[in-house]
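2 protein chains.
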Amino acid sequence: MRWDALEEEPCSMARTIGVIGDRWTLLILRECFLRTRRFEGFQSALGITRHLLAERLKKLVRQGVLRRIPYQESPKRHEYILTQKGLDLYPIMMAIVHWGDTHMVDERGRPLLHQHRKCGKNFDPVMVCSECGEPLSAKEVHTHPGPGARSTTPATKAPEKPKAKPRRSAA
Amino acid sequence: MRWDALEEEPCSMARTIGVIGDRWTLLILRECFLRTRRFEGFQSALGITRHLLAERLKKLVRQGVLRRIPYQESPKRHEYILTQKGLDLYPIMMAIVHWGDTHMVDERGRPLLHQHRKCGKNFDPVMVCSECGEPLSAKEVHTHPGPGARSTTPATKAPEKPKAKPRRSAA
DNA sequence: TTTGACAGTTCGTTTTTAGAACTGTAAACG
DNA sequence: CGTTTACAGTTCTAAAAACGAACTGTCAAA
Numbered sequence: 001m002r003w004d005a006l007e008e009e010p011c012s013m014a015r016t017i018g019v020i021g022d023r024w025t026l027l028i029l030r031e032c033f034l035r036t037r038r039f040e041g042f043q044s045a046l047g048i049t050r051h052l053l054a055e056r057l058k059k060l061v062r063q064g065v066l067r068r069i070p071y072q073e074s075p076k077r078h079e080y081i082l083t084q085k086g087l088d089l090y091p092i093m094m095a096i097v098h099w100g101d102t103h104m105v106d107e108r109g110r111p112l113l114h115q116h117r118k119c120g121k122n123f124d125p126v127m128v129c130s131e132c133g134e135p136l137s138a139k140e141v142h143t144h145p146g147p148g149a150r151s152t153t154p155a156t157k158a159p160e161k162p163k164a165k166p167r168r169s170a171a
Numbered sequence: 001m002r003w004d005a006l007e008e009e010p011c012s013m014a015r016t017i018g019v020i021g022d023r024w025t026l027l028i029l030r031e032c033f034l035r036t037r038r039f040e041g042f043q044s045a046l047g048i049t050r051h052l053l054a055e056r057l058k059k060l061v062r063q064g065v066l067r068r069i070p071y072q073e074s075p076k077r078h079e080y081i082l083t084q085k086g087l088d089l090y091p092i093m094m095a096i097v098h099w100g101d102t103h104m105v106d107e108r109g110r111p112l113l114h115q116h117r118k119c120g121k122n123f124d125p126v127m128v129c130s131e132c133g134e135p136l137s138a139k140e141v142h143t144h145p146g147p148g149a150r151s152t153t154p155a156t157k158a159p160e161k162p163k164a165k166p167r168r169s170a171a
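So the protein sequences, as listed, match chains A and B. If you count by the working numbering, then the first sequence holds residues 1 to 171, one letter each, in order. If you count by the working numbering, then the second sequence holds residues 1 to 171, one letter each, in order.
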């Protein structure tokens, strides 16, 4: 598997890693979620080299994760904002932060707290089953090939697909 | 920010990225969750160079994500299995897969389906608030510094911390 | 005796990244 | 006016990381 061919792999994880799976991209996206929009903002917040930053931003725009929008003429300047595709990365971010909060904090405690506007409380993100609403763990999940699986025959009768998106607590 | 200093950053995301944020680690972990345990298994499944694979496995063991367990003497052979810390990466994996399933599939559909043993259905992972059980999105979350935040004064009165772990549907 | 499985290690080449300086436009400073 | 500053990059060289292929060592099977 070549690194630049990840996106053609028949694996949603490999494809996603092709987009966000390098040294800097997730950190850049963290800044996006913290409302950074401009080149200098990213650069000074992260200490990334300007060269790499420019390249990563281009890639994210190409991939539809960020949109590049002019905010002034002469000199032309743009800012980078998350598209819906980018906003949808939020659960990944939260899952990463939560793991760090659980396993990588020092004695001082967690660096950042998250407050849910709807209920007003500081919270942890919990991943649940879209169908029954119960929390998920690796051992409770069984995987099997879907219609887009590798070179198996196109799977005339694909197993039932889950219902669409965040439709929680059917429980 | 230097890449090798990520783990000291006062940011759970940066620290986590210091562990899993490179070209191959997440793919190696995917294999772990798919029950691969041995060197050759990882190597042939991923096509990673043996050199890098050896190094990444060492790093994951050092970090407590994998445990290296002998499965035979003479010649000594070991296999790599997920620790609890490693198993806790599952929500990150699922979030990544789900984003790929949503935004990176081709016309054939998703390559892998996930079935929840408890309820028997194929599902999508949904991230919810630990406190009220509602699905989360970026706009509904407000962040503020916690006790382990950067060089601010140690925050004598830190805001209320969320209740522990997967304690869902207080709703 | 040779071959093969397994788990690495070594080494030379190529690709990425780091680090710093440079480009160009335009407003602000003195 | 001439200089400095803000901003968004681009260019260049050196250093680090990844790739690719071959090599090491132990043991079992052919």
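By construction, the Cβ of each residue, glycine as well, lies at the ideal position given by its N, Cα and C atoms.
Taking C-beta pairs closer than 7 angstroms, name the residues in chain B that residue i reaches, listed in chain order.
| i | result |
| --- | --- |
| F123 (chain A) | C129, S130, E131, P162 |
| R23 (chain A) | W3, G21, D22 |
Quick check: what's the CA-CA separation for residue i versus residue j?
| i | j | result |
| --- | --- | --- |
| E140 (chain B) | L113 (chain A) | 14 angstroms |
| R38 (chain A) | K118 (chain B) | 46 angstroms |
| D4 (chain B) | G18 (chain B) | 7 angstroms |
| G148 (chain B) | Q115 (chain A) | 16 angstroms |
| I20 (chain B) | S12 (chain A) | 17 angstroms |
| L29 (chain B) | K76 (chain A) | 43 angstroms |
| E8 (chain A) | D106 (chain B) | 9 angstroms |
| G86 (chain B) | Q72 (chain A) | 47 angstroms |
| R150 (chain B) | S130 (chain A) | 36 angstroms |
| L52 (chain B) | V61 (chain B) | 14 angstroms |
| G41 (chain B) | Q63 (chain A) | 32 angstroms |
| E134 (chain A) | L27 (chain B) | 26 angstroms |
| S74 (chain B) | G47 (chain B) | 27 angstroms |
| H78 (chain B) | R56 (chain B) | 15 angstroms |
| A138 (chain B) | I92 (chain A) | 11 angstroms |
| R2 (chain A) | K59 (chain B) | 22 angstroms |
| C132 (chain B) | G109 (chain B) | 33 angstroms |
| G120 (chain B) | P70 (chain A) | 49 angstroms |
| E31 (chain B) | V97 (chain A) | 22 angstroms |
| R23 (chain B) | P10 (chain B) | 23 angstroms |
Taking CB distances under 8 angstroms as the criterion, tell me whether residue i reaches chain A.
| i | result |
| --- | --- |
| Y90 (chain B) | yes |
| R67 (chain B) | no |
| L52 (chain B) | no |
| G41 (chain B) | no |
| R38 (chain B) | no |
In this structure, how does DSSP classify residue i when only helix, strand and coil are distinguished?
| i | result |
| --- | --- |
| T156 (chain A) | Any reading at T156 (chain A) must be qualified, since the residue scores a pLDDT of 41, below 50, and its modelled position is unreliable; the value itself is stated next. It is coil, neither helix nor strand. |
| E79 (chain B) | strand |
| L53 (chain B) | helix |
| C43 (chain B) | The displayed chain sequence assigns Gln, not Cys, to residue 43 (chain B). Q43 (chain B): helix per DSSP, three-state reduction. |
| I69 (chain A) | strand |
| L136 (chain A) | coil |
| M94 (chain B) | helix |
| T143 (chain A) | strand |
| Q115 (chain B) | strand |
| C32 (chain B) | helix |
| V128 (chain A) | strand |
Check the Cβ of residue i against every Cβ in chain A and list those closer than 8 angstroms, keeping chain order.
| i | result |
| --- | --- |
| L112 (chain B) | C11, S12, T143, H144, P145, G146, A149 |
Closest to residue i by CA distance: which of the options is it?
| i | options | result |
| --- | --- | --- |
| R35 (chain B) | B:S44, B:Y80, B:P91 | B:Y80 |
| P145 (chain B) | A:L26, A:G47, A:P111, A:E55 | A:P111 |
| A45 (chain A) | B:A14, B:W24, B:M94, B:K59 | B:A14 |
| T143 (chain A) | B:V128, B:Y71, B:N122 | B:N122 |
| M94 (chain A) | A:T25, A:I69, A:M127 | A:M127 |
| H103 (chain B) | A:T49, A:E31, A:V65 | A:V65 |
| F33 (chain A) | A:D88, A:D101, A:D22 | A:D88 |
| P125 (chain B) | A:E31, A:P162, A:V97 | A:P162 |
| T49 (chain B) | B:P91, B:P70, B:T25, B:R2 | B:T25 |
| T83 (chain B) | B:I96, B:I92, B:Y90, B:R67 | B:R67 |
| L136 (chain A) | B:L136, B:Y90, B:I96, B:I69 | B:Y90 |
| W99 (chain A) | B:I96, B:I69, B:T16 | B:T16 |
Applying a beta-carbon distance threshold of less than 7 angstroms, which residues of chain A neighbour residue i?
| i | result |
| --- | --- |
| P61 (chain B) | Reading off the sequence, residue 61 (chain B) comes out as Val, not Pro. In chain order: nothing, as chain A lies at least about 15 angstroms away. |
| K118 (chain B) | C132, E134, E140 |
Residue i CB to nearest chain B CB: under 8 angstroms?
| i | result |
| --- | --- |
| T102 (chain A) | yes |
| Q115 (chain A) | yes |
| D4 (chain A) | no |
| R30 (chain A) | yes |
| L57 (chain A) | no |
| I17 (chain A) | yes |
| I81 (chain A) | no |
Which chain B residues are close to residue i, counting only those with a beta carbon under 8 angstroms from its beta carbon?
| i | result |
| --- | --- |
| F33 (chain A) | A138 |
| D106 (chain A) | G148 |
Name the chain A residues that come within less than 9 angstroms of residue i, Cβ to Cβ?
| i | result |
| --- | --- |
| L87 (chain B) | S137, A138, K139 |
Give a single yes or no on whether residue i has its beta carbon closer than 7 angstroms to a heavy atom of the ligand GTP.
| i | result |
| --- | --- |
| P91 (chain B) | Inclusion of the ligand GTP in the displayed structure is not the case, the ligand content being empty and no account of it being possible. |
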